[in-house]
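Novice: This structure is in structure tokens; I'll ask about it shortly.
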Amino acid sequence: MDRSSRRQPVVVLGTIGHDAHIVGSSVLRIALEEAGFKVVFLGAVVPAEEFIDAARESAADAILVSSLYGMARIDCSDFGAKCEEAGLGHVKKYLGGILVTDPEAWDQTEQIFRAQGFDRVYPPQTKTDVAIADLKRDLGLD
Amino acid sequence: MDRSSRRQPVVVLGTIGHDAHIVGSSVLRIALEEAGFKVVFLGAVVPAEEFIDAARESAADAILVSSLYGMARIDCSDFGAKCEEAGLGHVKKYLGGILVTDPEAWDQTEQIFRAQGFDRVYPPQTKTDVAIADLKRDLGLD
Amino acid sequence: MTMLAGIPLRTAQWDWDYFLHQRREVLSLWPSGSELQGDDAIAAGVAYHKAQPWWKYASLRNKRAQQEQRIQLVPQVGHALTEQTIAHMQCSEDLGPDRWYVLTDTYTRKAEYAKAQDAVERSRRDGFSYLNGYPLAAHGVSGARAVNECTRAAVGTDNNDEDARLPWEIALAAGWTWGTIKSIEELIQHSRDFPVDRNIHNQQYIDRLAAHYTEQGVPILRRASANLPGWDSLGFKVTVSLLEVLLSAAQGVKFIDLSIGIGMNLVQDVAAIQALRALAREYLDKLGFGDVEIHSWTYFFLGDWPLQRGQMVGQLALNATISALAGCSGMYIKSPDEATTTPTGEGFREAMEICGQVVRLVAGQRLPESPELATERAMIECEVRAVVAKIMELGNGDIAVGACRGFETGVIDTMFSPYRFLKGKVKVVRDANGALRYLDPGLTPIPREVAEYHRECISRREAKEGTQAGVRWIVREATWASRSLRDEVAERSY
Amino acid sequence: MTMLAGIPLRTAQWDWDYFLHQRREVLSLWPSGSELQGDDAIAAGVAYHKAQPWWKYASLRNKRAQQEQRIQLVPQVGHALTEQTIAHMQCSEDLGPDRWYVLTDTYTRKAEYAKAQDAVERSRRDGFSYLNGYPLAAHGVSGARAVNECTRAAVGTDNNDEDARLPWEIALAAGWTWGTIKSIEELIQHSRDFPVDRNIHNQQYIDRLAAHYTEQGVPILRRASANLPGWDSLGFKVTVSLLEVLLSAAQGVKFIDLSIGIGMNLVQDVAAIQALRALAREYLDKLGFGDVEIHSWTYFFLGDWPLQRGQMVGQLALNATISALAGCSGMYIKSPDEATTTPTGEGFREAMEICGQVVRLVAGQRLPESPELATERAMIECEVRAVVAKIMELGNGDIAVGACRGFETGVIDTMFSPYRFLKGKVKVVRDANGALRYLDPGLTPIPREVAEYHRECISRREAKEGTQAGVRWIVREATWASRSLRDEVAERSY
Ligand code: B12
Ligand code: B12
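Those protein sequences? They're chains A, B, C and D, same order as listed.
In case it helps, numbering that gives the first Met the number 0 puts the first sequence at residues 0 to 141.
In case it helps, numbering that gives the first Met the number 0 puts the second sequence at residues 0 to 141.
In case it helps, numbering that gives the first Met the number 0 puts the third sequence at residues 0 to 493.
In case it helps, numbering that gives the first Met the number 0 puts the fourth sequence at residues 0 to 493.
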């Protein structure tokens with residue numbers, strides 16, 4: 000399949016739970032669009048289920064979840080399992096923002112969220128380039 | 000001997016070696032005078048020998064040495080021995096200022112200068128009250 | 000949800016009976032409220048208050064600090080468990096914070112008390128805080144009293160979002176003496192689709208409650224904050240804070256703090272603080288609230304903070320310097336953990352030292368009056384007068400009603416908000432000096448001279464950088480303050 | 000020792016032959032100098048310089064930073080061994096310092112090279128630095144080149160006190176491109192009884208050397224500092240810096256940095272920096288040195304710094320903020336270790352982050368012109384003109400001669416100096432806003448209006464505090480900035 004005939008990759012993006020922090024995902028949205036992705040932008044204060052529904056409806060290649068307000072552990076519990084249930088096991092799931100609450104080693108934080116079903120978990124202030132490069136690699140777009 | 004007949008205690012004070020930092024010893028001088036001591040104030044940039052001569056001439060009860068510029072280890076080497084030689088073994092010897100150069104535990108710094116013959120060694124920014132209280136105790140003035 | 004729930008609003012003090020009617024419902028929202036049913040409970044709360052010394056009162060500390068020309072510092076706290084919260088507070092007790100700013104968790108702010116309770120239990124089990132604040136309703140009056148009694152500071156709360164009525168009942172009954180009450184700001188900042196009228200109505204409840212305590216001789220202080228995000232225009236912040244002040248005064252509140260989240264441009268921040276103070280006094284007097292006491296406060300930059308500890312503390316100290324030079328009564332500080340975790344007690348101890356030193360050294364110094372400052376202040380005043388006039392007009396003279404219509408019509412608007420009912424047409428960028436300017440005022444009734452002034456300032460930066468203002472600028476500025484110095488040096492050609 | 004050694008002084012460029020005559024003697028002071036004997040050595044030094052890129056030059060970095068509106072940051076270093084010194088510098092290399100300020104140790108500053116050499120050996124043996132700076136003469140050109148080549152920054156030295164002629168020869172031969180040259184400041188700060196005329200003569204030697212390199216096409220920069228202690232009056236600092244500028248220009252130096260040690264009162268510091276700049280330009284032009292390029296710099300407060308790390312970094316950031324708001328070209332920063340040890344590389348890395356963040360955020364912002372600032376500046380200018388006129392008069396038009404007589408007559412005077420020949424009659428205290436004021440100008444020819452203005456400011460503080468200005472104030476202010484916040488809170492009655 001050559002590049003031109005490949006359909007535009009689709010990404011669902013938003014800030015999960017009751018989290019209102021919308022600046023990071025807004026910035027990410029612009030960067031993704033500039034990098035050629037189709038972005039289904041859900042904004043902030045988005046229940047987990049809405050991500051899943053949107054991914055299903057848009058046949059998304061990836062779900063990018065942002066969480067900053069410190070309650071990601073609760074908001075994201077079983078996110079992977081819920082996706083699996085909805086038949087979205089194959090969809091790439093990334094999580095970023097500020098996931099640490101009590102100071103702890105990054106490895107530990109990462110492990111907790113990988114156990115919740117995320118393929119990639121990002122530390123605070125990850126640059127948009129980094130996430131885009133990962134996405135391209137993971138979706139075999141390069 | 001009752002208080003009134005006791006002679007005014009004499010203290011020699013100055014900043015040792017090539018050290019020009021004169022503010023700390025100036026402040027100490029005023030506090031000592033207010034506390035009833037006779038102060039022989041040598042100023043700053045004072046060779047060790049000058050402290051010893053002044054102490055002998057004034058029959059001092061104590062020698063207070065200030066050092067801030069980081070070369071106290073060299074300037075004070077054998078200070079105690081030199082005093083001993085000059086017949087000033089009985090005179091109290093205090094050292095203060097900023098004696099640490101490379102970061103190290105205070106215990107270690109203190110030990111180094113006690114080994115050079117000082118009875119008391121003070122960490123940075125010791126309040127004048129503290130030194131005066133120690134002096135009074137050590138000289139049996141209370 | 001729709002933008003309006005159809006609640007009849009009026010900007011006038013509620014009848015006590017109307018209040019009591021609502022109150023029964025509020026107190027039944029969660030078991031910890033039930034203990035407070037009945038007028039007796041308020042009387043008991045008042046009695047507890049009256050046994051407290053003056054320095055537990057934020058309102059009285061304001062007066063004293065002013066006499067002493069001392070600038071107050073307020074650290075923040077909020078963990079799932081009472082013990083965790085107290086342990087955090089103990090870290091700074093010997094540094095004499097003037098107030099403790101106790102933030103509630105997001106579930107509590109959304110009145111989802113069962114979820115908060117659940118998280119408390121999980122936190123107890125795992126020895127970890129699963130909440131981003133202190134769940135006031137879950138811990139009830141006894142927990143809140145323990146928090147109050149662990150410190151000499153005046154304890155207060157920030158817990159709106161959508162419904163903070165129950166937590167406020169608990170806080171006041173527990174002897175807390177101040178808090179932030181917000182409605183307009185909260186929708187813009189925290190909500191996706193909560194109705195405006197319901198939020199203002201909830202706010203009026205709390206203001207009415209605070210006013211009642213005050214009428215009983217307990218000088219409760221209400222903070223009318225506009226700690227909107229650091230990318231917002233200063234004029235917009237002043238408008239929002241002013242509206243909160245007027246809504247609050249209408250309910251009978253007597254001690255109000257004005258609070259502006261600073262943008263980190265010295266002249267513009269000082270101008271905003273001065274403009275808000277002048278306008279608040281003027282409008283209060285005009286509307287018959289001459290007896291309301293106001294004080295100017297700042298809130299540290301609510302934008303991006305850097306990860307690197309050195310950069311972080313530099314930014315902290317700069318925020319303290321600007322606040323002090325503005326001559327404010329006090330400031331809400333942040334900690335060096337800001338960009339990385341939920342703030343720790345140790346972090347706030349360091350922040351108290353950092354900001355305490357700055358404030359001590361700057362004490363007595365003020366940014367002198369100058370033509371630049373006067374222009375900036377005049378522009379902000381001009382903008383705010385126009386917007387508030389429009390809101391009054393939309394509400395036929397009623398602020399609460401006008402605010403609702405302001406949301407509908409885009410008269411109240413900004414960028415980067417989760418609130419779906421906001422128009423989102425406004426665009427703000429920084430000029431060459433770092434001051435915040437309208438690139439596009441959207442549908443807000445910004446007077447032409449203000450818009451032109453902002454546009455000119457933007458042009459100067461365009462000329463200097465040889466680029467054109469637009470979305471690129473906005474994106475870059477979203478991470479302007481947090482940019483790593485190391486990265487910046489790496490990009491230098493030498 | 001006596002105050003004057005009887006050396007004939009003249010404020011005019013030295014004959015090259017006179018210089019060479021002195022030079023033979025200077026280079027024989029210590030073995031590392033011998034390699035530099037002869038004109039060839041200077042030529043070799045010039046050749047090394049010409050192979051260096053522009054960014055190794057402080058003078059050229061000044062120009063570039065001005066174009067980019069970037070404020071430069073200069074950390075400091077100086078340990079007994081070359082390796083220790085380089086290791087320290089490596090800690091901050093990725094943060095792009097503009098210059099490294101390499102301080103020599105006190106033995107080197109007093110030309111006691113044997114003692115320095117001895118301490119180097121002891122340091123090597125014990126793996127510890129027994130020196131408070133980098134012993135340039137002990138390590139010679141090869142050591143100094145290693146230091147120069149480890150960084151992209153412009154390397155320079157501060158090494159006066161009494162005699163810095165040999166270390167300067169070595170520094171320039173090693174490709175260092177700038178340094179601080181002082182005479183008047185140095186006596187006041189560092190000496191007990193070194194003759195004034197000899198010190199000025201030594202300074203002229205260095206200025207002449209720097210000018211010679213510049214004549215050969217190597218733009219060496221000379222820093223004319225007045226980083227006098229933080230308790231000194233700002234007017235006095237401006238006078239001292241101005242005299243150094245004029246002495247230097249007379250020797251043919253073309254790139255001069257003005258440098259003021261700040262006092263931490265925003266308006267007064269900015270006024271001093273502006274006054275110095277205006278006066279320096281005016282006097283230089285008047286005396287025929289219109290081609291000398293000047294830049295304004297600051298040096299962080301040279302008074303007491305607090306032990307507590309939080310307070311320490313707060314004070315650091317405040318110093319950076321004031322410097323940035325003054326619109327200076329750059330600043331000499333301090334590290335969080337300031338009050339406790341010889342600064343570490345890690346400490347300066349943190350300081351680079353702290354100050355770097357402040358400078359980045361404040362970039363483009365300036366303290367606006369205002370009546371307060373204008374008054375403060377006018378008072379400083381008035382004071383400095385009077386003192387400099389008196390010095391010119393005392394020297395029959397010759398600054399160097401006048402400076403010597405200034406010391407003798409108390410026209411140059413301050414408090415807290417180790418220099419025995421200073422009158423020590425001046426008393427300076429802070430006013431209610433923290434500005435530094437003459438309580439007693441001693442025998443300095445401070446104009447009456449200036450003295451009265453200062454006295455008035457002091458009276459306002461007296462009235463406010465209900466105490467009388469005097470030695471008590473001076474003593475308290477000696478530890479004003481370093482006071483622990485914890486102690487202060489403990490003394491509060493609530
Ligand atoms: C601005 C801000 C706010 C604004 C938000 C405005 C808005 N509507 O967006 C306001 C004032 C409203 C606010 C409110 C609150 N906040 Co807030 N807020 C911040 C602040 C200061 C900056 C966040 C920001 O916008 N950064 C700029 C953007 C561009 O960066 P970013 O979001 O990190 O995104 C970048 C990367 O991380 C990455 N990224 C982000 N998400 C994802 C996802 C993926 C998949 C990938 C690949 C990348 C990625 O992309 C961006 C590119 O650079 C942070 C602290 C900080 N970081 O400085 C606190 C912070 C996030 N807030 C915090 C908290 C607790 C709250 C409140 C509960 C109250 C409070 N204590 O202040 C409320 C919560 C409200 C709610 N219901 O959510 C805490 C969270 C603590 C924690 N994680 O443990 C923080 C960390 C501050 C703190 N230390 O206390 N806040
Ligand atoms: C002001 C100052 C200067 C002024 C001095 C002016 C003067 N003539 O006095 C100037 C600018 C000239 C100067 C020069 C130098 N300084 Co200096 N200076 C300082 C500074 C900033 C403050 C010192 C001060 O006056 N404090 C206020 C007084 C009141 O406090 P104090 O002296 O500590 O005294 C109190 C107590 O300690 C106690 N005390 C003091 N002595 C004694 C003795 C006894 C027996 C007792 C009981 C108590 C006691 O009494 C006082 C009561 O509160 C310090 C750093 C700091 N502390 O903030 C650096 C500092 C002392 N300087 C330092 C250095 C290296 C130098 C220089 C070599 C150059 C340089 N790197 O800047 C030259 C040396 C010149 C020389 N030949 O000595 C270093 C020393 C490093 C070290 N110890 O390892 C310091 C620590 C800065 C640093 N971290 O780099 N300095």
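C-beta: ideal position from N, C-alpha, C; glycine also.
Predicted, not measured: the structure shown is a model, and the values here were computed from it.
Span of the beta strand (DSSP E) holding D/R436?
Specialist: Within the fourth sequence, the letter at position 437 stands for residue 436 of chain D. Element bounds for D/R436: 435-439.
Novice: Among all the DSSP beta bridges, which residues are the ones paired with D/T297?
Specialist: Working through the fourth sequence from its first residue, we reach residue 297 of chain D at position 298. According to DSSP, which records beta bridges pairwise, D/T297 is partnered with D/I259, D/M330.
Novice: Say yes only if the C-beta of D/Q83 is nearer than 7 Å to one or more non-hydrogen atoms of ligand 2, and no if none qualify.
Specialist: For this step, residue 83 of chain D is matched to residue 84 along the fourth sequence. D/Q83: no, Cβ never under 7 Å from ligand 2.
Novice: Report yes if the C-beta of B/I73 is less than 7 Å from at least one heavy atom of ligand 2; otherwise report no.
Specialist: The residue given as residue 73 of chain B occupies position 74 in the second sequence. No.
Novice: I'd like to know whether the C-beta of B/T125 is nearer than 8 Å to at least one C-beta of chain D.
Specialist: Mapped onto the second sequence, residue 125 of chain B falls at position 126. Not closer than 8 Å to any Cβ of chain D, the Cβ of B/T125 fails to qualify, so no.
Novice: Helix or strand or just coil, what does DSSP make of D/R447?
Specialist: Counted from its first residue, the fourth sequence places residue 447 of chain D at position 448. In this structure, D/R447 counts as helix in the three-state DSSP scheme.
Novice: Please list, in chain order, the chain C residues whose beta carbon lies closer than 9 Å to that of D/C354.
Specialist: Position 355 of the fourth sequence, counted from the first residue, corresponds to residue 354 of chain D. Under the 9 Å cutoff, chain C gives G309, G313.
Novice: Using a Cβ-Cβ cut-off of 7 Å (strictly less than) and excluding sequence neighbours within five positions of C/I205, which residues of its own chain qualify?
Specialist: Locating residue 205 of chain C in the third sequence gives position 206, counting from the first residue. A163, R164, W167, I180.
Novice: Straight-line CA distance for C/I70 to C/G423?
Specialist: Along the third sequence, one-based indexing puts residue 70 of chain C at 71. Along the third sequence, one-based indexing puts residue 423 of chain C at 424. The alpha-carbon atoms of C/I70 and C/G423 are separated by roughly 37 Å.
Novice: What residue does the alpha helix (DSSP H) around C/A210 start on, and which one ends it?
Specialist: Your numbering for residue 210 of chain C matches position 211 in the third sequence. Where C/A210 is concerned, the enclosing alpha helix (DSSP H) stretches over 195-214.
Novice: With 16 other CB atoms within 10 Å as the buried threshold, where does B/M0 fall?
Specialist: Within the second sequence, residue 0 of chain B is the residue found at index 1, counting from 1. Note that B/M0 has pLDDT 40, beneath the 50 cutoff, so the model's placement of it is unreliable and the number below is only indicative. With fewer than 16 other Cβ atoms within 10 Å, it is exposed.
Novice: Taking just the CA atoms, how far does C/D231 sit from C/E497?
Specialist: Any question about residue 497 of chain C goes unanswered here, given that chain C covers just 0 to 493.
Novice: Starting from the beta carbon of C/Y437, find every residue of chain A whose beta carbon is closer than 8 Å, and list them in chain order.
Specialist: Here residue 437 of chain C refers to the residue found at position 438 of the third sequence. Correct list: empty, because the minimum Cβ distance to chain A is about 18 Å.
Novice: Taking 7 Å as the cut-off, does the CB of C/Y331 come closer than this to any heavy atom belonging to ligand 1?
Specialist: By 1-based counting over the third sequence, the position of residue 331 of chain C is 332. Result no, Cβ not under 7 Å from ligand 1.
Novice: Please work out which residues of its chain come closer than 8 Å, Cβ to Cβ, to A/R136, disregarding the five sequence neighbours upstream and downstream, and give them in chain order.
Specialist: Counting from 1 along the first sequence, the entry for residue 136 of chain A is found at position 137. No residues qualify anywhere along the chain.
Novice: Classify D/T343 as helix, strand or coil using the three-state DSSP reduction.
Specialist: Looking up residue 343 of chain D in the fourth sequence gives position 344. Three-state result, D/T343: coil.
Novice: On the DSSP bridge assignment, give the partners of D/T156 in chain order.
Specialist: What you label residue 156 of chain D is simply residue 157 of the fourth sequence in a count that begins at 1. Looking at the DSSP assignment, D/T156 forms a beta bridge with D/V101, D/G178.
Novice: Report the residue from D/L257, D/E352, D/D125 whose alpha carbon sits nearest the alpha carbon of C/V312.
Specialist: In the third sequence, counting from the first residue as 1, residue 312 of chain C sits at position 313. Checked all of D/L257, D/E352, D/D125; the closest Cα to C/V312 is D/E352.
Novice: Find out if the Cβ-Cβ distance for the pair B/A47, B/I21 is shorter than 8 Å.
Specialist: Within the second sequence, residue 47 of chain B is the residue found at index 48, counting from 1. Within the second sequence, residue 21 of chain B is the residue found at index 22, counting from 1. Result no, Cβ atoms of B/A47 and B/I21 do not sit closer than 8 Å.
Novice: D/H149 to D/I85, Cα distance in whole Å?
Specialist: Mapped onto the fourth sequence, residue 149 of chain D falls at position 150. Mapped onto the fourth sequence, residue 85 of chain D falls at position 86. In the sequence as presented, His is not what sits at residue 149 of chain D; that position holds Cys. Looking at the two C-alpha atoms, the distance is approximately 7 Å.
Novice: Hey, quick one: how far does the beta strand (DSSP E) through C/Y129 stretch, first residue to last?
Specialist: The residue labelled residue 129 of chain C in the question sits at position 130 within the third sequence. Taken as a continuous stretch (DSSP letters only), C/Y129 belongs to no beta strand (DSSP E), as it is neither H nor E.
Novice: For a contact defined as C-beta to C-beta under 8 Å, what are the partners of D/H87 on chain B?
Specialist: Numbered from its first residue, the fourth sequence carries residue 87 of chain D at position 88. What D/H87 touches in chain B: nothing, since even the nearest Cβ is about 11 Å away.
Novice: In or out: B/R2 buried (at least 16 other Cβ within 10 Å) or exposed?
Specialist: Position 3 of the second sequence, counted from the start, is the residue given in the question as residue 2 of chain B. With a pLDDT of 48 at B/R2, under the threshold of 50, the modelled position of that residue is not reliable, and the figure given next carries that caveat. Answer is exposed; the Cβ neighbour count stays below 16.
Novice: What do you reckon, is the C-beta of B/V22 under 7 Å from a heavy atom of ligand 2?
Specialist: Residue 22 of chain B sits at position 23 when you count from the first residue of the second sequence. True, at least one ligand heavy atom lies under 7 Å from that Cβ.
Novice: Compute the minimum distance between the beta carbon of D/A163 and the heavy atoms of ligand 2, and state whether it is under 7 Å.
Specialist: Numbered from 1 along the fourth sequence, position 164 holds the residue referred to as residue 163 of chain D. Checking the Cβ of D/A163 against ligand 2 gives no.
Novice: With contact counted as at least three CB pairs below 8 Å, one residue from each stretch, are the stretch 400-412 of chain D and the stretch 264-276 of chain D in contact?
Specialist: These segments do not touch.
Novice: CB of D/K236 to nearest heavy atom of ligand 1: below 7 Å?
Specialist: Reading the fourth sequence from its first residue, position 237 is the one you call residue 236 of chain D. Checking the Cβ of D/K236 against ligand 1 gives no.
Novice: So if DSSP puts C/Q494 in a beta bridge, which residue, or which two residues, is it bridged to?
Specialist: This structure cannot speak to residue 494 of chain C, because chain C is shown only from 0 to 493.
Novice: Please list, in chain order, all residues of the same chain as C/D430 whose beta carbon is under 7 Å from its beta carbon, the five residues on each side excluded.
Specialist: Here residue 430 of chain C is taken as the residue at index 431 of the third sequence, counted from 1. Result list for C/D430: R436, C456, I457, R459, R460, in chain order.
Novice: Counting only runs of 4+ residues fully inside the stretch 64-99 of chain C, write out the alpha helix (DSSP H) ranges in chain order.
Specialist: Fully enclosed alpha helix (DSSP H) runs of 4 or longer: 81-89.
Novice: At a Cβ threshold of 8 Å, is C/A322 touching chain D?
Specialist: Residue 322 of chain C sits at position 323 when you count from the first residue of the third sequence. The question names Ala, but residue 322 of chain C in the sequence shown is Ser. No - not a single Cβ of chain D is within 8 Å of the one on C/S322.
Novice: Just checking C/N226 against ligand 1 - is the residue's beta carbon closer than 7 Å to any of the ligand's heavy atoms?
Specialist: For the purposes of this step, residue 226 of chain C is taken as residue 227 along the third sequence, with counting starting at 1. True, at least one ligand heavy atom lies under 7 Å from that Cβ.
Novice: Would you say B/G96 faces chain D, with C-beta separation under 8 Å as the test?
Specialist: Within the second sequence, residue 96 of chain B is the residue found at index 97, counting from 1. With 8 Å as the cut-off, B/G96 does not count as an interface residue toward chain D.
Novice: Note down the Cα distance separating D/E448 from D/V76, rounded to an integer number of angstroms.
Specialist: Here residue 448 of chain D is taken as the residue at index 449 of the fourth sequence, counted from 1. Here residue 76 of chain D is taken as the residue at index 77 of the fourth sequence, counted from 1. Spanning the two alpha carbons is a distance of roughly 43 Å.
Novice: Quick one: give me the first and last residue of the beta strand (DSSP E) that D/L306 is part of.
Specialist: Locating residue 306 of chain D in the fourth sequence gives position 307, counting from the first residue. Premise fails: D/L306 is in no beta strand (DSSP E) and is neither H nor E.
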